[in-house]
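Numbering (UniProt numbering), first residue to last: 1 to 269.
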């Protein structure tokens, strides 16, 4: 079993809760960036897989999420979240100098990871995006056109065809089950524009994973952003019938295998 530990760092707007998983003599670092309304504790199966593959894995709960400080799901500037993620990366490099770093971002975490790669790409060996909020995501436009954002939480059934995934999500006290907040939606809209405007990430190897039945972050709009972000080293895998969380889907073994094969190629190179 991997060794797990939790610690805290000082973030841009308060204390960040960080979790880390490691084994013996890791050969690379994997920084996992979670999605909207959830927390890094939902990524234990992915972390355990990556530790078996040779990684030291870590990830923070973003501001206003999980066990980190801040008003729940309130993010006024995603640049601050990127800075927080970089604080974790610095800690990893201090503890394990010389190891290559891979950033893996899911959903909102994909937007954060994309912006991270634009700001700090020279420090990365690879970027992995799972169902990333990037490109033409219409939800912010639709919500900001309303006088009041409706109290419509994420449907657990939208995450995976595995009902156990939705049930665990619905029962998780660290998951936010309320409405989105207008400043956060506004920050989403600004950062989507920023990522588009800042251009591609050059030769950085990029893996994109997505389900073709993702109704939270539809595949066509995400494709626009991924293709704009990629500097040419793009590997993609679309999973037929899969919903939003490919690492928690009924096809998760294929998603894991695709991820580790990609990382093997990156590390060998």
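Backbone N, C-alpha and C define an ideal beta-carbon position, used for all residues, glycine too.
Taking 6 Å as the limit between beta carbons, can you name the residues of its chain near residue i, skipping five residues before and five after?
i, result
"residue 47", "21 and 57"
"residue 180", "149"
Contact defined as beta carbons within less than 8 Å: I believe residue i pairs with residue j. What is the distance between those atoms, to the nearest angstrom?
i, j, result
"residue 133", "residue 37", "Incorrect: roughly 12 Å between the Cβ atoms, too far for contact."
"residue 231", "residue 201", "5 Å"
"residue 246", "residue 211", "5 Å"
"residue 130", "residue 209", "5 Å"
"residue 86", "residue 59", "Incorrect: roughly 13 Å between the Cβ atoms, too far for contact."
"residue 116", "residue 103", "6 Å"
"residue 126", "residue 229", "About 13 Å separates the two Cβ atoms, so there is no contact after all."
"residue 185", "residue 144", "6 Å"
Put residue i into one of helix, strand or coil per three-state DSSP.
i, result
"residue 69", "coil"
"residue 237", "strand"
"residue 166", "helix"
"residue 242", "coil"
"residue 56", "strand"
Please go through the same chain and pick out, in chain order, the residues whose beta-carbon is closer than 8 Å to the beta-carbon of residue i, but skip the five residues on each side of it.
i, result
"residue 156", "165, 166, 167, 169 and 170"
Taking only the alpha-carbon atoms, compute the straight-line gap between residue i and residue j and give it to the nearest angstrom.
i, j, result
"residue 92", "residue 146", "42 Å"
"residue 220", "residue 100", "31 Å"
"residue 242", "residue 213", "5 Å"
"residue 23", "residue 223", "35 Å"
"residue 78", "residue 12", "11 Å"
"residue 63", "residue 73", "8 Å"
Can you name, in chain order, every residue of its own chain whose Cβ lies under 7 Å from the Cβ of residue i, other than the five neighbours on each side?
i, result
"residue 54", "26, 27 and 28"
Report task. Starting from the N-terminal side, write out each stretch of the alpha helix (DSSP H) that is 4 residues or longer and does not extend beyond the region 89 to 162. Result -> Fully enclosed alpha helix (DSSP H) runs of no fewer than 4 residues occupy 108 to 120 and 139 to 144 of the region 89 to 162, in order along the chain.
Query - Minimum length 3: unbroken beta strand (DSSP E) runs contained in the region 5 to 50 - result: With a minimum length of 3 residues, the continuous beta strand (DSSP E) runs that stay inside the region 5 to 50 are 14 to 22 and 28 to 33.
**Report entry** Complete alpha helix (DSSP H) runs within the region 174 to 226 (minimum length 4 residues, chain order)
**Finding:** 182 to 198, all fully within the region 174 to 226.
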